[in-house]
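Same order as they appear, the protein sequences are chains L and A.
Residues in the first sequence are numbered consecutively from 58, following this note's numbering.
Residues in the second sequence are numbered consecutively from 184, following this note's numbering.
Built from N, CA and C at the ideal position, the CB exists for glycine as well.
Heads up, the thing below is written out as structure tokens.
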Amino acid sequence: ELKVEQNPLFLSMQEGKNYTIYCNYSTTSDRLYWYRQDPGKSLESLFVLLSNGAVKQEGRLMASLDTKARLSTLHITAAVHDLSATYFCAVEPGGSEKLVFGKGMKLTVNP
Amino acid sequence: DGGITQSPKYLFRKEGQNVTLSCEQNLNHDAMYWYRQDPGQGLRLIYYSQIVNDFQKGDIAEGYSVSREKKESFPLTVTSAQKNPTAFYLCASSWTSGRPGELFFGEGSRLTVL
């Protein structure tokens, strides 16, 4: 059974700081997705990573995928308060019809 | 605009009642999914459908039922057999059947059992 682990699960950081969060998964996959959820809201798609070495950037967020290490990172540069949200990674196992989600990482950016 | 519409946004239910949550998409997506989210938790898959008139159980299907009579619609019924139904329910869809691909989510329906 595929397991997807995110760490940390909670992160409180100051505005202007950098940080990297991690998403590890336990079986072979070449597709990984990052989603953002604001409190009380639904999920919105952030990044789609479809191959080893894929790197995507949007504003202060950059995501990458290393399929050999079974690891994706989400790097935050110069955090701002608007980035406060819960971030989920989801992995698409080969041959599967469904995504497996991590538990989510709740990020709080303090002024 | 294309998207996924869930209704109602908020729903209150007495114990022992069945309720149905609506999910409609006009994205022409083949696959549709229902997830449950409890406070502070991740997403758990209830049911999914790759094609009209076919659906599969997810990880927590007990106490729920679905139908897929039309491509654009995938309603979820929370039955009285679901012992702890208070949760946030999310419907999602994706282009491809077979491999899920990127999911697009509706706004969610929040169910509270009184």
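Extract the residue ranges of the beta strand (DSSP E) inside the segment 63-115 of chain L, only unbroken runs of 3 or more that lie entirely within it. 67-71, 76-82, 89-94, 100-106, 112-115, all fully within the segment 63-115 of chain L.
Using a Cβ-Cβ cutoff of 7 Å, what residues of the segment 83-99 of chain L are near chain A? List them in chain order. Going along the segment 83-99 of chain L in chain order, one finds TYR90, SER99 with a Cβ nearer than 7 Å to chain A.
Show which residues of chain L have a CB atom less than 7 Å away from the CB atom of PRO283 of chain A. Position 100 of the second sequence, counting from 1, holds the residue named residue 283 of chain A. Those within 7 Å of PRO283 of chain A in chain L are GLU149, GLU154, LYS155, LEU156.
For my contact list, ARG88 of chain L and GLU149 of chain L are in at a C-beta cut-off of 8 Å; report their separation, rounded to the angstrom. Translated into positions along the first sequence, residue 88 of chain L becomes position 31. Translated into positions along the first sequence, residue 149 of chain L becomes position 92. With 8 Å as the limit, ARG88 of chain L and GLU149 of chain L qualify as a contact, their Cβ atoms being about 4 Å apart.
Looking at the secondary structure, which residues open and close the beta strand (DSSP E) in which LYS253 of chain A lies? Taking the first residue of the second sequence as 1, we reach residue 253 of chain A at position 70. Counted as a single uninterrupted DSSP element, the stretch harbouring LYS253 of chain A is not any beta strand (DSSP E), since DSSP gives it neither H nor E.
Please state the DSSP three-state secondary structure of HIS212 of chain A. Within the second sequence, residue 212 of chain A is the residue found at index 29, counting from 1. In the structure shown, HIS212 of chain A sits in coil (DSSP, three-state: anything other than H, G, I, E or B).
Against chain L: residues of the segment 222-233 of chain A by CB proximity under 9 Å: Against chain L - using a Cβ distance shorter than 9 Å - the residues of the segment 222-233 of chain A are GLY223, GLN224, GLY225, LEU226, ARG227, LEU228, TYR231, GLN233.
Tell me the DSSP secondary structure of LEU140 of chain L in three-state form. On the first sequence, position 83 is the one that residue 140 of chain L refers to. Helix at LEU140 of chain L.
Per DSSP, ASN167 of chain L is paired with what? Position 110 of the first sequence holds residue 167 of chain L. L:GLN71.
Using a threshold of 9 Å, state whether the C-beta atoms of HIS132 of chain L and THR77 of chain L are closer than that. Position 75 of the first sequence, counting from 1, holds the residue named residue 132 of chain L. Position 20 of the first sequence, counting from 1, holds the residue named residue 77 of chain L. For HIS132 of chain L and THR77 of chain L, yes; Cβs fall inside 9 Å.
Measure the Cβ-Cβ separation of GLN189 of chain A and SER256 of chain A and say whether it is below 9 Å. Here residue 189 of chain A refers to the residue found at position 6 when the second sequence is read from its first residue. Here residue 256 of chain A refers to the residue found at position 73 when the second sequence is read from its first residue. Their beta carbons are not under 9 Å apart, which means GLN189 of chain A does not touch SER256 of chain A by this criterion.
Relative to the C-alpha of GLN200 of chain A, which candidate in A:ILE243, A:THR262, A:PRO191 has its C-alpha closest? Translated into the one-based positions of the second sequence, residue 200 of chain A becomes position 17. Out of A:ILE243, A:THR262, A:PRO191, A:THR262 has the C-alpha closest to the C-alpha of GLN200 of chain A.
Burial state of VAL61 of chain L (16 or more Cβ within 10 Å): For this step, residue 61 of chain L is matched to residue 4 along the first sequence. With 16 or more other CB atoms across the displayed protein chains lying within 10 angstroms of its CB, VAL61 of chain L is buried.
Can a CB atom of chain A be found closer than 9 Å to the CB of VAL166 of chain L? The residue given as residue 166 of chain L occupies position 109 in the first sequence. Chain A places no beta carbon closer than 9 Å to that of VAL166 of chain L, leaving this residue out of the contacts.
Indicate the three-state DSSP secondary structure (helix, strand or coil) for VAL235 of chain A in the structure shown. For the purposes of this step, residue 235 of chain A is identified with residue 52 of the second sequence, where counting begins at 1. DSSP places VAL235 of chain A in coil when its eight states are reduced to three.
Please classify THR262 of chain A: does DSSP put it in a helix, a strand, or coil? Working through the second sequence from its first residue, we reach residue 262 of chain A at position 79. The answer is coil: DSSP assigns THR262 of chain A none of H, G, I, E or B.
Does PHE238 of chain A get closer than 9 Å to chain L when you measure Cβ to Cβ? As a first step, residue 238 of chain A must be located in the second sequence, where it is residue number 55. No, no contact with chain L.
Starting from the Cα of GLN220 of chain A, find the closest Cα among L:SER99, L:SER153, L:MET162 and give me that residue. Stepping through the second sequence from its first residue, residue 220 of chain A is reached at position 37. That would be L:SER99, whose Cα lies nearest to the Cα of GLN220 of chain A.
If we cut at 9 Å on Cβ distances, does LEU273 of chain A have a partner in chain L? Here residue 273 of chain A refers to the residue found at position 90 when the second sequence is read from its first residue. Taking CB atoms only, LEU273 of chain A has a neighbour in chain L less than 9 Å away.
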